[in-house]
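Contents: one structure, followed by commentary.
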Amino acid sequence: KQEVTQIPAALSVPEGENLVLNCSFTDSAIYNLQWFRQDPGKGLTSLLLIQSSQREQTSGRLNASLDKSSGRSTLYIAASQPGDSATYLCAVNGGSQGNLIFGKGTKLSVKP
Amino acid sequence: DAGVTQSPTHLIKTRGQQVTLRCSPISGHKSVSWYQQVLGQGPQFIFQYYEKEERGRGNFPDRFSARQFPNYSSELNVNALLLGDSALYLCASSLVDTYEQYFGPGTRLTVT
Numbered sequence: 001k002q003e004v005t006q007i008p009a010a011l012s013v014p015e016g017e018n019l020v021l022n023c024s025f026t027d028s029a030i031y032n033l034q035w036f037r038q039d040p041g042k043g044l045t046s047l048l049l050i051q052s053s054q055r056e057q058t059s060g061r062l063n064a065s066l067d068k069s070s071g072r073s074t075l076y077i078a079a080s081q082p083g084d085s086a087t088y089l090c091a092v093n094g095g096s097q098g099n100l101i102f103g104k105g106t107k108l109s110v111k112p
Numbered sequence: 113d114a115g116v117t118q119s120p121t122h123l124i125k126t127r128g129q130q131v132t133l134r135c136s137p138i139s140g141h142k143s144v145s146w147y148q149q150v151l152g153q154g155p156q157f158i159f160q161y162y163e164k165e166e167r168g169r170g171n172f173p174d175r176f177s178a179r180q181f182p183n184y185s186s187e188l189n190v191n192a193l194l195l196g197d198s199a200l201y202l203c204a205s206s207l208v209d210t211y212e213q214y215f216g217p218g219t220r221l222t223v224t
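Line by line, the protein sequences give chains S and V.
Numbering follows the working numbering, with no gaps: position 61 of the first sequence is 61.
Numbering follows the working numbering, with no gaps: position 81 of the second sequence is 193.
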């Protein structure tokens, strides 16, 4: 059974700092991995999608990496801003049902 | 283009009642998935539909049911509501079941 873990559960950093969020999964047989952002009480915004054959994806100040063999992904946020404050969720798509399996998220707070 | 839309935004029901939630996918997307997110947790998979057929079902009781219409919109029904059904219900659409998923704003269901 696939399990996804995100560490840390919460993170507080000063504005301008670079930071890394971690995601690990127990079954390396995945189709892809998505990182999402969720603001309080809102839906999920897709940030990056990494296919199982890819090692990383970049979008603006965000860079996500994937190491399938070790069951790990990281989301790197450069030059953090107060507007980056949100909960970041990692999810893997195992393909058998097409459903996403989520971690519990990392709650990020960027202080001005 | 319009994103995934869900209705209603908020809903308050009493224990034992029934509820229907609605979702319209992004134009051209044929796959719709439903997730339940309780406070402080990542979303949990409930159902996936592709081309009007159920492709996957999560570990939820038979009180939960869904369907997909010819225009690819979808409904999630929950019967005999329990207090524990209070959650944010999220709908996601994708071109096919293993592709990037895009989420709607969610329906906040409160059961009293």
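Beta carbons: idealized from backbone N, C-alpha and C, even for Gly.
Item                                                                                                                                                                          : Value
Could you give the C-beta distance for N99 of chain S and G168 of chain V, rounded to a whole number, given that I count them as a contact under 8 angstroms?                 : 5 angstroms
Under three-state DSSP, which class holds P120 of chain V?                                                                                                                    : coil
Please list, in chain order, the residues of the stretch 204 to 219 of chain V that have any C-beta partner in chain S closer than 7 angstroms.                               : D209, T210, E212, Q213, Y214, F215, G216, P217 and G218
May I ask you to list, following chain order, the residues of the stretch 39 to 55 of chain S that have a beta carbon less than 8 angstroms from some beta carbon of chain V? : G41, K42, G43, L44, T45, S46 and L49
How many Å lie between A178 of chain V and A192 of chain V at the Cα?                                                                                                         : 15 angstroms
Of the choices V:C203, V:Y211 and V:E212, whose alpha-carbon is the least far from that of Q118 of chain V?                                                                   : V:C203
Assign S145 of chain V to one of two classes, buried (16 or more other C-beta atoms within 10 Å of its C-beta) or exposed (fewer than that).                                  : buried
Apply the 10 Å Cβ neighbour rule to T87 of chain S and answer buried if 16 or more other Cβ atoms are within range, or exposed otherwise.                                     : buried
Specify the secondary structure class of L21 of chain S as computed by DSSP and reduced to three states.                                                                      : strand
Name the residues in the stretch 156 to 167 of chain V whose C-beta lies less than 8 angstroms from a C-beta of chain S; which are they?                                      : Q156, F157, Q160, Y162 and R167
Do the CB positions of L49 of chain S and L62 of chain S come within less than 8 angstroms of each other?                                                                     : no
Hey, could you find the ends of the beta strand (DSSP E) R169 of chain V is sitting in?                                                                                       : E165 to R169
Which complete beta strand (DSSP E) runs does the stretch 119 to 207 of chain V hold, if anything under 3 residues is left out?                                               : 122 to 125, 131 to 136, 143 to 149, 156 to 162, 165 to 169, 176 to 180, 186 to 190 and 199 to 206
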